[in-house]
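*Asks:* Top to bottom, those sequences are chains A and B. Residues 1 to 232, numbered by UniProt numbering, are exactly what the first sequence covers, in order. Residues 1 to 232, numbered by UniProt numbering, are exactly what the second sequence covers, in order. Let me give you the structure first, and then I'll get to my questions.
Protein chains: 2
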Amino acid sequence: MFGTSRAGGAVAESDAKTPRERYRAQVREEVKKHAWEQIATAGASALSLNAIAKRMGLSGPALYRYFANRDELITELVRDAYRSLADTFRARARAGADLADLAHALRGWALDDPQRYLLVYGTPVPGYQAPPDTTQIAAEMMAVLLDAAVAVEPPGAEAAESAAATPLDEHLADHRAWAAENPAPASALRRALAFWTRLHGVLSLELAGHFAGMGFDPARLYAAEVDGLTGR
Amino acid sequence: MFGTSRAGGAVAESDAKTPRERYRAQVREEVKKHAWEQIATAGASALSLNAIAKRMGLSGPALYRYFANRDELITELVRDAYRSLADTFRARARAGADLADLAHALRGWALDDPQRYLLVYGTPVPGYQAPPDTTQIAAEMMAVLLDAAVAVEPPGAEAAESAAATPLDEHLADHRAWAAENPAPASALRRALAFWTRLHGVLSLELAGHFAGMGFDPARLYAAEVDGLTGR
Numbered sequence: 001m002f003g004t005s006r007a008g009g010a011v012a013e014s015d016a017k018t019p020r021e022r023y024r025a026q027v028r029e030e031v032k033k034h035a036w037e038q039i040a041t042a043g044a045s046a047l048s049l050n051a052i053a054k055r056m057g058l059s060g061p062a063l064y065r066y067f068a069n070r071d072e073l074i075t076e077l078v079r080d081a082y083r084s085l086a087d088t089f090r091a092r093a094r095a096g097a098d099l100a101d102l103a104h105a106l107r108g109w110a111l112d113d114p115q116r117y118l119l120v121y122g123t124p125v126p127g128y129q130a131p132p133d134t135t136q137i138a139a140e141m142m143a144v145l146l147d148a149a150v151a152v153e154p155p156g157a158e159a160a161e162s163a164a165a166t167p168l169d170e171h172l173a174d175h176r177a178w179a180a181e182n183p184a185p186a187s188a189l190r191r192a193l194a195f196w197t198r199l200h201g202v203l204s205l206e207l208a209g210h211f212a213g214m215g216f217d218p219a220r221l222y223a224a225e226v227d228g229l230t231g232r
Numbered sequence: 001m002f003g004t005s006r007a008g009g010a011v012a013e014s015d016a017k018t019p020r021e022r023y024r025a026q027v028r029e030e031v032k033k034h035a036w037e038q039i040a041t042a043g044a045s046a047l048s049l050n051a052i053a054k055r056m057g058l059s060g061p062a063l064y065r066y067f068a069n070r071d072e073l074i075t076e077l078v079r080d081a082y083r084s085l086a087d088t089f090r091a092r093a094r095a096g097a098d099l100a101d102l103a104h105a106l107r108g109w110a111l112d113d114p115q116r117y118l119l120v121y122g123t124p125v126p127g128y129q130a131p132p133d134t135t136q137i138a139a140e141m142m143a144v145l146l147d148a149a150v151a152v153e154p155p156g157a158e159a160a161e162s163a164a165a166t167p168l169d170e171h172l173a174d175h176r177a178w179a180a181e182n183p184a185p186a187s188a189l190r191r192a193l194a195f196w197t198r199l200h201g202v203l204s205l206e207l208a209g210h211f212a213g214m215g216f217d218p219a220r221l222y223a224a225e226v227d228g229l230t231g232r
């Protein structure tokens, strides 16, 4: 149902085969543009298909031919957001990015569009449940991250010497559903999770304005967390 | 204007002097109760005084005698939320809490009422600006946190030996507005900030459901971050 607009307007248009399909893709992109404006001014939970129809000069029923309901629209926005971050991660990884590069890609992606960041990582929209395929995209990102975490692990002998397993390592070794088939050692699982939580910790507080007036530069704090995670 | 209901219903009632004031405080508490229900079901940005009036069997104008507008109501909820966390921190600190105890208090407070946590630390409500006194309450919390961070610093000679100043330390030494008059060393400033961002990182992802299906226990991840922050 959403297959024609996976990565935003440009791809959606070139994927569309007939003029009719192309027109449909264009209208859907326009609806999404209005939706992002609504989210910025009124919040995701106040998203209203009728309000968007009004702004576009369409009747409610006409708009519902493009998105069946609010949740379908939110799903499309969430999917675009996740997909753009996953694509960023994958492209960087293919270009040889290490864990620090991924960290800076995450920060760039977040600061580039705080609304997009907050739709995915901020307060959940009440009554909305993301469909399973967004979980799949999130899993793809964690897979890229985990590979990068494995790459900074010290080699075998050194690792055994330097790091006794922590209680968290022991827990993660037994609870590794999210690592799928990756045979990463527990210390790499731990590093990937710490990467995810520490960097989102800085970003979410920064984007919600909690560092305003504190006087320091959150970019420095972020960089220090990255250094700690990559052993620099 | 808000002085009579600083810490919720009980205090508000006992602070109120006349039956009329007591009644006013009771109605305001009831409005807030309905507001939290609205936030849970529709989101903070969809908060509507008229909808609350309807549920309470009041006219809109009658309700506006208790809260002048939506932002005044949100401010009261934000203030209650911040105040409850600040009171928790202060009470624990007075009872001799160390940094790890404060971490567990933060987690308890967050899990106890995720909506409350997300109103303060989740996606900002579009168009809403918290008043300066909430910043002041946040500063009080950071002060408690900073004292606890200073207390786990290694003593002077050991510290000088073990830790060369990091680039972040140098930055924080010059940008310490948030530490007010506290002469804490930069390493303690860094520890307090890492405490704040790392623990909020775990909590915000956990409460927004991002660990669902990953298979591990977020409490273990949180505990490991606390151990790292307290040098255990």
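Glycine is no exception: its CB is placed at the ideal position from the N, C-alpha and C atoms. Keep in mind the model is a prediction, meaning the values are calculated, not measured.
Since Pro126/B and Gly43/A should fall inside the 8 angstroms C-beta cutoff, what is the C-beta to C-beta distance between them, to a whole number of angstroms?
*Replies:* The count along the second sequence starts at 1 and reaches residue 126/B at position 126. The count along the first sequence starts at 1 and reaches residue 43/A at position 43. Sure, about 5 angstroms apart at Cβ, within 8 angstroms.
*Asks:* Say whether chain A places a C-beta atom closer than 9 angstroms to the C-beta of Ser84/B.
*Replies:* Your numbering for residue 84/B matches position 84 in the second sequence. No, because no Cβ of chain A sits closer than 9 angstroms to the Cβ of Ser84/B.
*Asks:* Can you list, in chain order, the residues of its chain with a C-beta nearer than 6 angstroms to that of Ala10/B? Leave out the 5 residues immediately preceding and following it.
*Replies:* Counting from one through the second sequence, the residue named residue 10/B turns up at place 10. The predicted model places Ala10/B with a pLDDT of 45, which falls under 50 and marks its position as unreliable; any figure quoted below should be read in that light. For Ala10/B, where only same-chain residues beyond five positions count, there are no Cβ hits under 6 angstroms.
*Asks:* On the criterion of 16 or more Cβ atoms from any shown chain inside 10 Å, does Phe216/B qualify as buried, or is it exposed?
*Replies:* Translated into the one-based positions of the second sequence, residue 216/B becomes position 216. Counting Cβ neighbours within 10 Å, Phe216/B comes out buried, since at least 16 surround it.
*Asks:* Using only CA atoms, which one of Gly231/B, Gly228/B, Leu205/B and Leu172/B lies nearest to Leu221/A?
*Replies:* As a working mapping, residue 221/A is identified with position 221 in the first sequence. Among Gly231/B, Gly228/B, Leu205/B and Leu172/B, the Cα nearest to that of Leu221/A is on Leu172/B.
*Asks:* Does the region 104–114 of chain A come close enough to the region 186–196 of chain B that 3 or more CB-CB pairs lie under 8 angstroms?
*Replies:* These segments do not touch.
*Asks:* Per DSSP, what kind of secondary structure is Met56/A in: helix, strand or coil?
*Replies:* Start at 1 with the first residue of the first sequence, and residue 56/A comes out as number 56. In the structure shown, Met56/A sits in a helix (DSSP, three-state: H, G or I).
*Asks:* Can you tell me whether Glu170/B is buried or exposed? The criterion is at least 16 other CB atoms within 10 Å of its CB, across all chains shown.
*Replies:* Counted from its first residue, the second sequence places residue 170/B at position 170. Exposed.
*Asks:* Grab me the residues of Leu51/B's own chain with a C-beta within less than 8 angstroms of its C-beta, minus the 5 sequence neighbours each way, in chain order.
*Replies:* To locate residue 51/B, count along the second sequence from 1; it is residue 51. It is worth fixing the name first, because residue 51/B is Ala in this sequence and not Leu. Gln38, listed in sequence order.
*Asks:* On the three-pair Cβ rule with 8 angstroms, is the region 133–150 of chain A touching the region 225–232 of chain B?
*Replies:* Not touching, per the Cβ criterion.
*Asks:* Using the Cβ count rule (16 or more neighbours within 10 Å means buried), how would you classify Asp112/A?
*Replies:* Position 112 of the first sequence holds residue 112/A. Exposed, by the Cβ-count rule.
*Asks:* Looking only at its own chain, which residues have a Cβ that is under 7 angstroms from the Cβ of Arg70/A, when we skip the five neighbours before and after it?
*Replies:* Indexing the first sequence from 1 puts residue 70/A at position 70. Taken in chain order, the residues that qualify are Leu47 and Leu49.
*Asks:* Would Phe67/A pass as an interface residue toward chain B - the criterion being a Cβ-Cβ separation below 9 angstroms?
*Replies:* The residue labelled residue 67/A in the question sits at position 67 within the first sequence. Taking Cβ atoms only, chain B never reaches closer than 9 angstroms to Phe67/A, which makes this a no.
*Asks:* Name the chain A residues whose beta carbon is nearer than 7 angstroms to that of Ser45/B?
*Replies:* The residue labelled residue 45/B in the question sits at position 45 within the second sequence. Residues of chain A passing the Cβ test: Ala42, Gly43, Ser45 and Ala46.
*Asks:* Using a 10 Å radius around the Cβ and a threshold of 16 neighbouring Cβ atoms, would you call Pro218/A buried or exposed?
*Replies:* Position 218 of the first sequence, counted from the first residue, corresponds to residue 218/A. Looking at its Cβ environment, which holds 16 or more other Cβ atoms inside 10 Å, Pro218/A is buried.
*Asks:* Starting from His34/A, trace the alpha helix (DSSP H) both ways and give me its first and last residue.
*Replies:* Along the first sequence, one-based indexing puts residue 34/A at 34. His34/A -> alpha helix (DSSP H) spans Pro19 to Ala42.
*Asks:* Judging by CA-CA distance, which residue of Met56/A, Arg92/A and Trp109/A is the nearest neighbour of Leu207/A?
*Replies:* Residue mapping note: residue 207/A aligns to position 207 of the first sequence, counting from 1. Closest by alpha carbon: Trp109/A.
*Asks:* Between Ser204/B and Tyr121/B, is the Cβ-Cβ spacing less than 9 angstroms?
*Replies:* The residue you call residue 204/B lines up with position 204 of the second sequence. The residue you call residue 121/B lines up with position 121 of the second sequence. Contact flag set, yes.
*Asks:* Considering only the beta carbon of each residue, do Phe195/A and Ala149/A sit closer than 9 angstroms?
*Replies:* Position 195 of the first sequence, counting from 1, holds the residue named residue 195/A. Position 149 of the first sequence, counting from 1, holds the residue named residue 149/A. Closer than 9 angstroms, so yes.
*Asks:* Just checking: is the beta-carbon of Leu193/B within a distance shorter than 9 angstroms of some beta-carbon in chain A?
*Replies:* Along the second sequence, read from residue 1 onward, the residue named residue 193/B stands at position 193. Taking Cβ atoms only, chain A reaches closer than 9 angstroms to Leu193/B, which makes this a yes.
*Asks:* Can the beta-carbon of residue 238/A be found less than 9 angstroms from the beta-carbon of Arg79/A?
*Replies:* Residue coverage of chain A in this structure runs from 1 to 232, which leaves residue 238/A outside it and unanswerable.
*Asks:* How would you call Ser59/A, buried or exposed, if buried means at least 16 neighbouring beta carbons within 10 angstroms?
*Replies:* Within the first sequence, numbered from 1, the residue matching residue 59/A stands at position 59. Exposed is the call here.
*Asks:* Rounded to the nearest angstrom, how far is the Cβ of Glu30/B from that of Met56/B, given a contact under 8 angstroms?
*Replies:* For the purposes of this step, residue 30/B is taken as residue 30 along the second sequence, with counting starting at 1. For the purposes of this step, residue 56/B is taken as residue 56 along the second sequence, with counting starting at 1. Yes, Glu30/B and Met56/B are in contact; Cβ-Cβ is about 7 angstroms, under 8 angstroms.
*Asks:* Please report the residue range of the alpha helix (DSSP H) in which Gly201/A lies.
*Replies:* Position 201 of the first sequence, counted from the start, is the residue given in the question as residue 201/A. Segment Ala186 to Leu207, the alpha helix (DSSP H) holding Gly201/A.
*Asks:* Does the beta carbon of Thr88/B sit closer than 9 angstroms to a beta carbon anywhere in chain A?
*Replies:* Numbered from 1 along the second sequence, position 88 holds the residue referred to as residue 88/B. So no, Thr88/B is outside the interface.
*Asks:* Identify whether Leu47/B lies in helix, strand or coil by the three-state DSSP scheme.
*Replies:* By 1-based counting over the second sequence, the position of residue 47/B is 47. It is coil, neither helix nor strand.
*Asks:* Using a beta-carbon distance below 9 angstroms, is Gly201/B in contact with chain A?
*Replies:* For the purposes of this step, residue 201/B is identified with residue 201 of the second sequence, where counting begins at 1. Cβ-Cβ to chain A under 9 angstroms: yes for Gly201/B.
*Asks:* For the ligand GDP, any of its heavy atoms closer than 8 angstroms to the Cβ of Ala151/A?
*Replies:* Only the bare structure without any ligand can be found here, which leaves the ligand GDP out of the picture.
*Asks:* Can you pull the chain A neighbours of Tyr121/B, defined as C-beta to C-beta under 8 angstroms?
*Replies:* Here the question's residue 121/B lines up with position 121 in the second sequence. Neighbours of Tyr121/B on chain A, chain order: Ser204, Leu205, Ala208 and His210.
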